[in-house]
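The block underneath contains the structure these notes are about, expressed in C-alpha cells.
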Amino acid sequence: MGLAQSGRSSGQGATHTATQIRFINEILDELTSRGVMDPARLYDPPFSDLAPMGPEGLFSEAEVDNICQLLDLITTRAMAAQAA
C-alpha cells in the first residue's frame, strides 16, 4: 500500500474507506512534523481515536505490515541521511 498524499488509492486500483484515509493522513501529518515515526505510535492517539483496536481494525494484516515496513524504511533512510 502506498502512502499517497491523497490517501485515496493504494496505487493498484483499490479504494479505501474515509476512516482509512483519515488514518493514513494522520501518519502523513506525523511524518511531516517529525520526519520519522515509530510504528508503535499506530496504537496511540490520534491513531487509536480512529482505530481503537489498532490499525488491524482498519487494514488487512498485509497492509499493516506494509505500513510498518514503510515507516521503518523512512526512519532508516532519515538516520542514514543524518549520519552522512
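When you line the sequence shown up against this note's numbering, it's residues 19 to 102, in that order.
Yeah, the Cβ is synthetic: ideal placement off N, Cα and C, and Gly gets one too.
- I85 and P73 do touch by the CB rule: their CB atoms are close to 7 Å apart, below 8 Å.
- The continuous alpha helix (DSSP H) containing S66 extends over residues 65-68.
- When only Cα atoms are considered, D90 and Y61 end up about 16 Å apart.
- Here V54 is near A96, since their CB atoms are less than 8 Å apart.
- In the DSSP annotation of this structure, the continuous segment of the alpha helix (DSSP H) that includes E44 starts and ends at 36-52.
- The beta carbon of V82 lies closer than 7 Å to those of P73, E74 in the same chain, with the five residues before and after it left out.
- Going by C-alpha positions, L46 is about 25 Å away from A102.
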